[in-house]
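Structure first, then comments.
Protein chains: 2
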Amino acid sequence: MERTLICETPKKIGEEVKIAGFVQTVRAHGKIAFVDVVDRSGVLQIVGGAELVDLKPQFAVEVEGVVKKRPEKMINEKIKTGTVELESKKVVVLSKSEEMPFDMGAEELNLELPTLLDYRTLTLRHSKIKEIFKVQAKVLEGFREAAKELGCTEISVPTISASATEGGAEVFMVDYYDHKAYMTQSPQLYKQMLVPSLERVFTIAKAYRAEPSVTTRHLSEATQMDCELGFVSFEELLDALEFVGTKTLKYVEENCEKILKDYKVPPLKIPAKVPRLTMREAQKIILKRTGVDHTGEKDLDPEDEKEICKWALEEKDSDLVTITHYPTKKRAFYTAPDPSDPEYSLSYDLLFRGLEILSGSQRINDYNKLIAAIKDRGMDPANFEMYLQAFKYGMPPEGGFSFGLERITMKLLNLSNVREASLFPRDMERVDFRFSR
Amino acid sequence: MERTLICETPKKIGEEVKIAGFVQTVRAHGKIAFVDVVDRSGVLQIVGGAELVDLKPQFAVEVEGVVKKRPEKMINEKIKTGTVELESKKVVVLSKSEEMPFDMGAEELNLELPTLLDYRTLTLRHSKIKEIFKVQAKVLEGFREAAKELGCTEISVPTISASATEGGAEVFMVDYYDHKAYMTQSPQLYKQMLVPSLERVFTIAKAYRAEPSVTTRHLSEATQMDCELGFVSFEELLDALEFVGTKTLKYVEENCEKILKDYKVPPLKIPAKVPRLTMREAQKIILKRTGVDHTGEKDLDPEDEKEICKWALEEKDSDLVTITHYPTKKRAFYTAPDPSDPEYSLSYDLLFRGLEILSGSQRINDYNKLIAAIKDRGMDPANFEMYLQAFKYGMPPEGGFSFGLERITMKLLNLSNVREASLFPRDMERVDFRFSR
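Residue numbers (the numbering used here), protein chains in the order written: chain A, 3 to 439; chain B, 3 to 439.
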């Protein structure tokens, strides 16, 4: 008999079917047992006798039986198959499971983060955890749709690089045959090199950061969603990033309605025009609202980001706010200074519900200015030879931006730690398991 | 004035427009000059006078002017804008370029591979080279469409791992804080761990192989397109991989008609049923056709792959052929042996026009058998603890496959070296530039 997906069973009342999936819960009442089985399409109640009582959570099973309509008062409106159940005739155990180390049957999996990650292959099976990664898949899809609409071509760029790409010490070194090489901190330099070829590009790429600290917002290996556009002005870049950000978020909302409801997150509020502030303007608003004077600071700290997002929501009815003009010295060397005030740069962050989810800038596109900027940061232009080659042969005004996949997922579902939004998070303490074990 | 994309100009005859792009060629005839300008949408001929004569190839420019219909005899049918030209009124040079080190204006860029790669940011601007990566973008898109149709959810898995994933010495070591870690040789183990969660998954991921040799088919950092499916039989896996392979290739053919013509590659030949052979059957056919007796060999060598593809084309009218049942010892430890003859495995390769573009297998899904298989290869199960955890808690029959993005691109365009199908190829001799320089 061919397998029937669980979501199809309500259409097959009275028919004999075979389903396959994982046992979620087993409830035995005397000689009758109820077993919930989950496959990729949903969950189904199986009802039967002796053949079910030995089943345990996480057993992989095949069940043959007849789809029955449930009595009116037994209908479960919470699930898609709540109008039916499967009267089992034959059960085949495909794979047994060890005893559960904690309750996998509860609606919420209330585990401390270390336990959640130590048992990652098990906890990922819980429906609420699975939902995180279904949302993440839609973030990727929504981003790509938006990037394509902007005219970007998808590229696949390398992650092994001959030098520490963006400067700074937070870089992982690789033994590359008999040479030293480095994991790229972002696809940044390579996507820029593609502008003179494909003009508008996007890539979904790994970013490796040897962050020497553990925070709730950083991963040592993260996934970035990047765009880079040639022949654009600063205004056009702002329009482009707000377009991609808005479209990506809305795409998730449209495709994950049930999950967002399960996570009790409010509907998105994104006005037609995302509010824009310079960093200095944001600091002044924060001073006025809270009395906290950060107007002399060179960046927004996490509390500032939360406060200005509160302002955006209260005053502009917006979950998003774009902050521009960060101090030139605080941004990467390739960031273009504002010609009218070079102390500040043509840079931007996009904040979403209290957190930066995107960063980017107009870039320096002049070969000589770029060399000067590299030297100015105490770096050696010889380490950027391939990158500089692209500018030597003509580079139009260009810029781009980069979204953090895990951060967007985290904020969309209101998770408290970015590690919850990564299937197998890497940080200084953990690669699958904690090093200290 | 707003920028007009070059592909829009034939619809704007008589109108004043501004275009932006890169100078491709400059032809001066006395006081009249003809300049071809390229943007992401196409190429356009600009005609004008003194304002054009100082332009050089690869200058980034903005040109304002009036779109004119070309006289009948001047129409160029080779390009989409061949019926029009732009009479220039104003030219702004956005960025100058150095002198070209070779002729970028020719229809073909006939360079030796080292030169092609040493000047990568320049050679990627040539239209024939650009086309390779437009095809590559469509391979990615086609693969994702097919994987989604199979019911797979997209995942993003880590590339830094605590141990050398699949065994073997060909692995890159990373300094990971104060620990040794390794770049994954493939997303294999992680995608398997996701089967009990999302049941069917796909991922586009980097694969790092410290291959100690330089061949035309291998890269040290390659891009893989992977699927993994739970609750499937060997037959269903074969159907699935042939479905994804066929759909991906046909998607490219449908979306890259002009490029495939430029590359003079014949139309795809894929029958409704892709021919399937066991490795032993393939060796017998090769013996019969060529007299070369490889029937005792444990694998097909590159010449065998070419010969059996020739057979598939001549006898089955097919560019694809699936080879199954490679010797168990020749495949990775997680490959399931064929229960009816454990010396051979439930493995498969998909060959396309003479080259393996996909590899995969039914996996061992039994916890104890998997531990035995790891030990059998002289490896320590303790190094696979997170992976084994997934099997400890119930793993259904499952399997999957993996396509090489660069290899498919290479074969689709009949390129002679896989490096031509990678934007910035990495091998033992090169990271952007050759080490020996």
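Note that beta-carbon positions come from the ideal geometry of N, C-alpha and C, so glycine has one too. As the structure is a computational prediction, the values presented were derived from the model and not from experiment.
Please report the residue range of the beta strand (DSSP E) in which residue i lies.
i	result
Cys229(A)	223-232
Asp301(B)	Careful: Asp301(B) lies outside any beta strand (DSSP E) and carries neither H nor E.
Tyr178(B)	175-178
Thr250(B)	Run containing Thr250(B): none in the beta strand (DSSP E); it sits in the alpha helix (DSSP H), 236-257.
Gln47(A)	44-50
Tyr389(A)	Note, Tyr389(A): premise wrong, no beta strand (DSSP E); alpha helix (DSSP H) at 387-394.
Leu360(B)	357-364
Glu18(B)	18-31
Tyr350(A)	349-354
Could you work out which residues of chain A lie near residue i, taking near to mean beta carbons separated by less than 9 Å?
i	result
Met195(B)	Arg122, Thr123, Leu126, Leu425, Phe426
Glu387(B)	Asp434, Phe435
Over the uninterrupted alpha helix (DSSP H) stretch that includes residue i, give me the two end residues.
i	result
Gln60(B)	First-last for Gln60(B): undefined, no H or E at that position.
Ser129(B)	129-151
Leu407(A)	407-414
Ala375(A)	369-378
Arg219(B)	From DSSP, Arg219(B) is part of no alpha helix (DSSP H); its letter is neither H nor E.
Asp120(A)	115-120
Lys290(B)	281-292
Out of the options, which one is the CA nearest neighbour of residue i?
i	options	result
Asn385(A)	His296(B), Val433(B), Glu100(B)	Val433(B)
Asp180(A)	Arg202(B), Ile288(B), Glu213(B), Ser165(B)	Glu213(B)
Lys331(A)	Tyr346(A), Ser342(A), Thr123(A)	Tyr346(A)
Leu115(A)	Ser418(A), Leu262(A), Ser438(A)	Ser418(A)
Phe233(B)	Lys20(A), Met195(A), Asp368(A)	Lys20(A)
Phe236(A)	Lys80(A), Leu348(A), Gly356(A)	Leu348(A)
Gly59(A)	Gly84(A), His128(A), Pro12(A)	According to the sequence shown, residue 59(A) is Pro rather than Gly. Of the candidates Gly84(A), His128(A), Pro12(A), the one whose C-alpha sits nearest the C-alpha of Pro59(A) is His128(A).
Tyr202(A)	Glu151(A), Asp340(A), Thr248(A), Ser165(A)	Here residue 202(A) turns out to be Arg, not Tyr, going by the sequence shown. With distances taken between Cα atoms, Arg202(A) lies closest to Glu151(A).
Phe463(A)	Phe245(A), Val40(A), Ile131(A)	Residue 463(A) lies beyond the range of chain A shown here (3 to 439); nothing can be said about it.
Met412(A)	Thr225(A), Cys229(A), Val173(A)	Thr225(A)
Gln26(B)	Tyr369(B), Glu283(B), Gly153(B), Gln47(B)	Gln47(B)
Pro304(B)	Ile287(B), Ala314(B), Thr218(B)	Thr218(B)
Ile162(B)	Ser165(A), Ala164(A), Ala148(A), Tyr184(A)	Tyr184(A)
Glu101(A)	Tyr121(A), Thr83(A), Lys82(A)	Tyr121(A)
Within 10 angstroms of the Cβ of residue i, are there 16 or more other Cβ atoms? Answer buried if so, exposed if not.
i	result
Met227(A)	buried
Met3(A)	exposed
Ala139(A)	buried
Arg211(A)	buried
Gly67(A)	buried
Asp56(B)	exposed
Met76(A)	exposed
Ser90(B)	buried
Val197(B)	buried
Asn416(A)	exposed
Gly23(B)	buried
Pro148(B)	The sequence given here has Ala at residue 148(B), not Pro. Its Cβ being crowded by 16 or more others within 10 Å, Ala148(B) is buried.
Mind listing the chain B neighbours of residue i? Cutoff is C-beta to C-beta under 8 Å, in chain order.
i	result
Gln391(A)	Tyr121, Arg122, Thr123, Leu124
His327(A)	Neighbours of His327(A) on chain B: none; closest Cβ ~23 Å, over 8 Å.
Gln60(A)	Pro198, Tyr395, Gly396
Lys132(A)	Ser199, Leu200
Val216(A)	Those do not exist, as Val216(A) stays about 11 Å from chain B at its closest Cβ, beyond 8 Å.
Glu100(A)	Lys394, Tyr395
According to DSSP, is residue i helix, strand or coil?
i	result
Pro344(A)	strand
Leu196(A)	coil
Pro2(B)	Past the edges of chain B, shown from 3 to 439, lies residue 2(B), and the structure says nothing about it.
Leu88(A)	strand
Val69(B)	strand
Asp321(A)	coil
Glu213(B)	coil
Met3(B)	coil
Leu126(A)	coil
Met106(A)	coil
Ile34(B)	strand
Arg421(A)	helix
Starting from residue i, find everything on chain B with Cβ-Cβ shorter than 7 Å and list it in chain order.
i	result
Ile162(A)	Glu223, Arg428, Val433
Arg42(A)	Gly153, Leu200, Glu201, Arg202
Under 7 Å Cβ-Cβ, which residues of chain A neighbour residue i?
i	result
Asn367(B)	Ser97
His181(B)	Phe437
Which residues in chain A sit within 8 Å of residue i, going by Cβ to Cβ distance?
i	result
Arg5(B)	Phe233
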